[in-house]
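Chemist: End of the sequence shown sits at 1849 in the working numbering; the numbers just go up one at a time, nothing left out. All residues carry an ideal CB built from backbone N, CA and C; glycine is no exception. My structure is below; once you've seen it, I'll send some questions.
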Amino acid sequence: MLISEKNFLLAVSYGATFPVQILILLVVCTKLLKRWNSKIPPSMHWVSSLSDGVATRAALRLLLVFLCVLITLLMAFLNIISIPADKCLNIAHNATELNKLHLYTYPYYVYCCLLAMLSVIVFVRVCVSVRVFLLTLAVVVYLALFLHVYAPLSDCYMKELYTNNSTPGVLKEPKIMAGIWLVIFYLTSLILVRQDELGSRTEFLLEKCFKRESEEMETTKNVNKLLLQNLLPGHITDFFIGKDVPNQDLYAKSCECVCVLFASVPQFYKEFYNESNENNGGLECLRLLNEIISDFDELLNKPKFSAVEKIKTIGSTYMAAAGLTNPANAEERQAIESSSNHIRSMLDFALALMGRLENINMHSFNTFKLRIGINHGPVIAGVIGAHKPQYDIWGNTVNVASRMDSTGVLDKIQVTAETAQVAQTHGYGVTLRGVINVKGKGELTTYFINTDTSVQNQTL
């Protein structure tokens, strides 16, 4: 534009195409300027609608690409029409008249055509076949213009440069060099287009592969976490998954206020279990035991028992604890209050276990009864094993709770005096059993939790 002769054709061409290019740019960029959408005048809302259509419709995007590229390719050589090629041959021997034709702009039109072809390459998201078509169309038209239609301008320009009738050589003729440059640039552009397409396809495949691998990793992580949660409590699972924990790293935690429960079904092994051929070598008996334990596990999914954690099962004995997820409190008042809440949750859970077993008895025509022992106090919780980790708790509280079960009575919940005192504060009735001899602990005063009316009130 700066080199070309300033004439009416130049003003009309740029005056008509420049607003079109600005409009295309506005339509494309409106979607990106989201914060200015509310400030767009109502009369210009069609621009925003058109921008939405461009973002969602591939055909409309392709149409805009064609329009933008064709305008650029056309503007590269449009002003060369103002130079009369036929007149040039008639005044070829008049140097003054040749100067008035501004033939020095001839090479610049070639450069403009090369730059216009470069605009086809920058649309890297356009299909390779479309870009190859536009490049081929451009080079064919440009070669026809410079080698045939406006070839006389090249001859006149040569005569203007070499006035002494010397022959500069074929490679110095502008039309020949224009053809060579156009062909070389065309081939180079095809290579670049092919490289862009190859890069885009590789990027797409890598992104697809990465997305698939990420989904597989996420699925594997969730499966591993689910499997680990079946072995360990949730807060322990987060500890091992959330950190880079060495295999031999020890996890242990001292808990001051934990309520421990042992619930056993003594009749299962004493009266029910046998390995006869009628029950397939004891398999059917184990099937019923699995059903009982599974029903007990289902209770843990209820929100009211969220503080209760299953520790393990030992034969027909079910072991659980409440208060392991809460940190030990510094103040004694808070510790007592936390322990009180845990004991209440565990007593509710024990009553729910008894109610659930009664429900199983009705469907299996059995008369199983639970024997439950509960105690509360400080324990040490930790994970033992690296490749096959197992979560467990230790301490005098656990031992006493186990003795409350082993020395208990069927269909009764036996607790220590301290636990009975806390249970009374929550409205549970207790009955004094008396002083019993506990192995390893001597004589202990124990109580039974009254369950006559409580079992029926549990939500099974």
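1) Would you mind stating whether Phe1694 and Ser1729 have Cβ atoms separated by less than 8 Å?
2) Considering only C-alpha positions, which residue in the set Asp1627, Glu1602, Glu1605, Ser1603 is nearest to Lys1614?
3) Please return the same chain residues whose Cβ sits closer than 7 Å to the Cβ of Tyr1380, not counting the five positions on each side in sequence.
4) Under 6 Å Cβ to Cβ from Val1811, same chain only, skipping five residues before and after it: list those, please.
5) What separation, rounded to the nearest whole angstrom, lies between the Cα atoms of Val1612 and Ala1710?
6) Quick check on the burial criterion: 16 or more other C-beta atoms within 10 angstroms. Buried or exposed for Tyr1500?
7) Rank Val1654, Pro1692, Glu1660, Ile1749 by C-alpha distance to the C-alpha of Gly1704 and give the top, closest one.
8) Please classify Lys1830: does DSSP put it in a helix, a strand, or coil?
9) Could you work out which residue in Ser1518, Tyr1493, Glu1645 is closest to Glu1586 when comparing CA atoms only?
10) Just grab the DSSP bridge partners of Val1821 for me.
11) Within 10 Å of its beta-carbon, does Thr1577 have 16 or more other beta-carbons around it, so buried, or fewer, so exposed?
12) Just checking my contact of Val1772 with Gln1779 at CB under 8 Å: how many whole Å lie between their CB atoms?
13) Can you name, in chain order, every residue of its own chain whose Cβ lies under 8 Å from the Cβ of Arg1583, other than the five neighbours on each side?
14) Measuring CA to CA, which of Pro1408, Ala1448, Pro1496 is closest to Ile1460?
15) For Val1513, name the three-state secondary structure that DSSP assigns.
16) Is the beta carbon of Ala1641 sitting closer than 8 Å to the one on Leu1742?
17) When every heavy atom of the ligand GTP is checked, does at least one fall within less than 7 Å of the C-beta of Ala1739?
18) Indicate whether Glu1680 and Ile1761 have their beta-carbon atoms separated by less than 8 Å.
19) Which residue marks the beginning of the beta strand (DSSP E) containing Ala1711, and which one marks its end?
20) CA-CA distance, Phe1593 and Asn1468?
21) Please classify Asp1841: is it buried, with 16 or more other beta-carbons within 10 angstroms of its beta-carbon, or exposed?
22) Please classify Gly1568: does DSSP put it in a helix, a strand, or coil?
23) List the endpoints of the continuous beta strand (DSSP E) containing Ile1769.
24) Is Gly1818 closer than 8 Å to Asn1839 when the C-beta atoms are compared?
25) Can you give the beta carbon distance from His1765 to Cys1648, rounded, assuming they're within the 8 Å contact cut?
26) Could you compute how far the alpha carbon of Phe1883 sits from the alpha carbon of Leu1412?
27) CB-CB under 7 Å to Glu1721, same chain, minus the five flanking residues each way: which ones, in chain order?
28) With a cut-off of 8 Å on the beta carbons, I'd call Phe1757 and Gln1656 a contact; round off their distance for me.
29) Identify every residue that forms a DSSP beta bridge with Phe1651.
30) Tell me, which residues are paired with Ser1753 by DSSP?
31) Using the C-alpha atoms, what's the distance from Arg1676 back to Asn1669?
Modeler: Working from what's here:
1) No, the pair does not count as a contact, with Cβ atoms beyond the cut-off.
2) Nearest C-alpha to Lys1614: Asp1627.
3) Because the chain here runs from 1390 to 1849, residue 1380 falls outside it and cannot be looked at.
4) The residues are Ser1729, Ile1732.
5) Their backbone Cα atoms lie some 26 Å apart in a straight line.
6) Exposed.
7) Shortest Cα-Cα distance from Gly1704 to any of Val1654, Pro1692, Glu1660, Ile1749 involves Val1654.
8) Residue state, collapsed to three classes: coil.
9) Checked all of Ser1518, Tyr1493, Glu1645; the closest Cα to Glu1586 is Ser1518.
10) Before going on, a small fix: residue 1821 reads as Leu here, not Val. Its beta-bridge partners are Tyr1836.
11) By the 10 Å Cβ count, Thr1577 comes out exposed.
12) That pair is a contact at about 7 Å.
13) Result list for Arg1583: Val1517, in chain order.
14) Comparing C-alpha distances from Ile1460 to each of Pro1408, Ala1448, Pro1496 shows the shortest one belongs to Pro1408.
15) Val1513 falls in the coil class under three-state DSSP.
16) Against a cut-off of 8 Å, the Cβ pair of Leu1742 and Ala1641 comes out as no contact.
17) The ligand GTP is not part of this structure, which contains no ligands at all.
18) The Cβ-Cβ distance between Glu1680 and Ile1761 does not fall below 8 Å.
19) Where Ala1711 is concerned, the enclosing beta strand (DSSP E) stretches over 1706-1711.
20) If you take the alpha carbons of Phe1593 and Asn1468, they lie about 42 Å apart.
21) By the 10 Å Cβ count, Asp1841 comes out exposed.
22) The three-state reading of DSSP puts Gly1568 in helix, counting H, G and I together.
23) First-last of the beta strand (DSSP E) with Ile1769: 1760-1773.
24) Taking C-beta atoms as the reference points, Asn1839 and Gly1818 count as a pair closer than 8 Å.
25) Going by Cβ atoms, the distance from His1765 to Cys1648 rounds to 4 Å, so yes, they are a contact pair.
26) It is not possible to answer for residue 1883, since the shown part of the chain is limited to 1390 through 1849.
27) Interpretation of Glu1721 is limited by its pLDDT of 45, a score under 50 that renders its predicted location unreliable; no figure is taken from the coordinates.
28) Between Phe1757 and Gln1656 a beta carbon distance of about 5 Å is seen, short of the 8 Å cut, so the two are scored as contacting.
29) In the DSSP output, where bridge partners are listed per residue, Phe1651 has Met1708, Gly1762.
30) As far as DSSP is concerned, Ser1753 takes part in no beta bridge.
31) Going from the Cα of Asn1669 to the Cα of Arg1676 covers about 11 Å.
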